[in-house]
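So in my numbering, the last spot in the sequence shown is 411, and the numbers never skip.
Read through the structure below, which is laid out as structure tokens, and then see the notes.
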Amino acid sequence: MKLDNLPRFHLAEFPTPIHYLETLTKKYQGPAVYMKRDDLTSLGMGGNKTRKLEFLIGEALEQKKDTLVTAGGIQSNHCRLTAAAARKAGLDCHLVLNGTPPEIPNGNLLLDTLFGAKIHFCDRAERDERLFQVGGELEEKGKKPYVIPVGGSNSIGSVGYVDAMLELVNQMDDLSITADSIVFATSSGGTQAGLALGAKIGGFKGDVLGISIDQVQAGPGPFPPVLTEIANGAAARLGSDIRLTESDFSLNYDYLGAGYAMPGELEFNAIQDLALHEGILLGPVYTARAMGGMLDLIKKGNFTKDQTVLFWHTGGTPELFAWADKFGQD
Ligand SMILES: *Cc1c(COP(=O)(O)O)cnc(C)c1O
């Protein structure tokens with residue numbers, strides 16, 4: 082496999098730790114719950130986009146680009162980490178964010194400004210077009226922009242999660258644990274595509290279950306074709322003959338609630354549960370929704386007591402501060 086030969090820019094220390102969540106496991110009296118701590122990737126408050134950005138920036142530098150351009154919601158973790166990573170790589174960063182700027186920037190938006198990103202606000206409907214417009218405008222000014230799609234979810238970024246899955250397989254070997262299921266938040270698809278491909282390559286036999294955070298985030302159509310395209314692009318890039326089909330992706334759409342970035346009771350309860358039982362923080366948009374979904378599946382008996390479930394913490398904790406008003410009272 083060509084993974085070691087692909088251009089890569091070092092952003093964080095790997096492997097990230099695996100922790101046994103003993104108190105949570107005891108509380109729910111269900112399967113043993115472990116957590117893979119990709120919230121602890123050591124750059125700009127951490128998260129899953131760091132792994133994708135190592136390969137995206139690797140390519141940007143190889144192509145002698147000088148500016149990263151990407152897009153997302155106003156509390157996008159991907160945009161915040163792109164801004165941080167750009168600094169480490171000595172690149173400029175432009176962000177196209179949909180939403181109305183608040184009077185006082187908070188959460189990820191505050192961090193975007195601290196990392197010195199140039200921010201272009203727009204409406205959600207015009208975001209994707211605006212992303213390429215900004216790239217074009219920079220080019221006209223003589224800059225060399227490298228445009229990264231929403232979530233860094235293309236075949237290049239997704240390679241970061243193929244690598245992550247191989248990392249996990251080795252780590253579980255060392256710890257003598259076998260996960261029956263891996264559960265995580267899925268949205269633009271690069272993480273899930275990489276994990277599913279990595280599972281095939283690394284011989285992981287358990288379920289790789291994405292809890293959908295926003296069914297339409299990856300586009301208006303159904304999600305599995307998007308995942309298949311990203312995964313098979315990554316496989317080709319890696320020189321692997323493996324190809325995935327839509328049935329290789331395990332998805333749950335039961336926890337979409339009021340929609341993207343609209344956390345409710347499920348999310349706030351999961352945040353409190355993990356904070357009070359493990360001292361671990363979740364983000365309201367992604368990881369709290371996925372954790373809330375996983376705990377609900379445990380309560381419903383979807384996993385048996387003798388099984389092991391690994392929650393892949395994909396980060397997003399800075400989002401918490403943008404919902405501070407929701408946590409102010411008991
Ligand atoms: C982006 C993100 C995800 C989803 O990853 P995708 O590769 O876009 O599916 C999950 N959790 C957090 C915290 C994220 O920022």
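Don't be surprised by glycine CBs; every beta carbon is placed ideally from N, CA and C.
Check	Outcome
Three or more C-beta pairs below 8 Å linking the stretch 147-159 and the stretch 389-401	yes
Minimum length 3: unbroken beta strand (DSSP E) runs contained in the stretch 146-191	148-154, 173-179
Beta-carbon proximity of P347 to R324, cut-off 8 Å	Rather than Pro, the amino acid found at residue 347 in this sequence is Leu. Result no, Cβ atoms of L347 and R324 do not sit closer than 8 Å.
Proximity below 8 Å, CB of L142 to CB of A170	yes
Whole-angstrom C-beta distance between Y336 and G374, which should lie under 8 Å	4 Å
Cα-Cα separation between L212 and L219, rounded to whole angstroms	11 Å
Test item: CB-CB of E132 and Y242 under 8 Å	The identity of residue 132 in the sequence shown is Arg, whereas the question assumes Glu. Cβ distance < 8 Å, so R132 and Y242 count as in contact.
Check: S269 C-beta below 7 Å from any heavy atom of ligand 1	yes
N-terminal and C-terminal residue of the beta strand (DSSP E) that G217 is part of	Careful: G217 lies outside any beta strand (DSSP E), inside the alpha helix (DSSP H) at 208-221.
G396 beta carbon less than 8 Å from that of D120	yes
Identified DSSP bridge partners for F202	L178
Straight-line Cα distance separating G279 from H201	35 Å
Local Cβ density within 10 Å of Q353, reported as buried at 16 or more and exposed below that	exposed
Where the beta strand (DSSP E) containing Y227 begins and where it ends	226-228
Where D78 sits in the DSSP three-state scheme	Residue 78 lies beyond the stretch modelled for the chain, which goes from 82 to 411, so this question has no answer here.
Beta bridge counterpart(s) of V114 as assigned by DSSP	V390
Coil, strand or helix - A260 by DSSP	coil
Cβ separation of M372 and L355, assumed to be a contact under 8 Å, to the nearest whole Å	6 Å
Among E94, D85, K83, L102, the one whose alpha carbon lies nearest that of L391	L102
Length of the line joining the Cα atoms of D288 and T309	17 Å
Residues of its chain near E413, where Cβ-Cβ distance is below 7 Å and the 5 sequence neighbours each way are ignored	Outside the shown range of the chain (82 to 411) lies residue 413, about which nothing can therefore be said.
Alpha-carbon spacing of K199 relative to D85, whole angstroms	33 Å
Proximity to G125 [Cα-Cα], best of A167, A152, T106, P98	A167
Selected residue, minimal CA-CA separation from G153, among N187, I379, L176, F304	L176
Start-to-end residues for the alpha helix (DSSP H) that takes in D288	Careful: D288 lies outside any alpha helix (DSSP H), inside the beta strand (DSSP E) at 288-293.
Cα-Cα separation, G239 to I99	Reading off the sequence, residue 239 comes out as Ser, not Gly. Answer to the nearest angstrom: the Cα atoms are 21 Å apart.
CB of I311 within 8 Å of CB of A339, strictly	no
Chain C contact for F384 (CB, 8 Å cutoff)	The question asks about chain C, but that chain is absent: this structure has only one protein chain.
K108 versus K381: straight-line alpha-carbon distance, rounded	14 Å
Minimum C-alpha distance to F95 - residue among A317, Q252, K145	Q252
Cut-off 7 Å between Cβ atoms - residues of its own chain near K145, not counting five sequence neighbours on either side	K225
Selection from T163, N179, G180, L178 that minimises the alpha carbon distance to L172	T163
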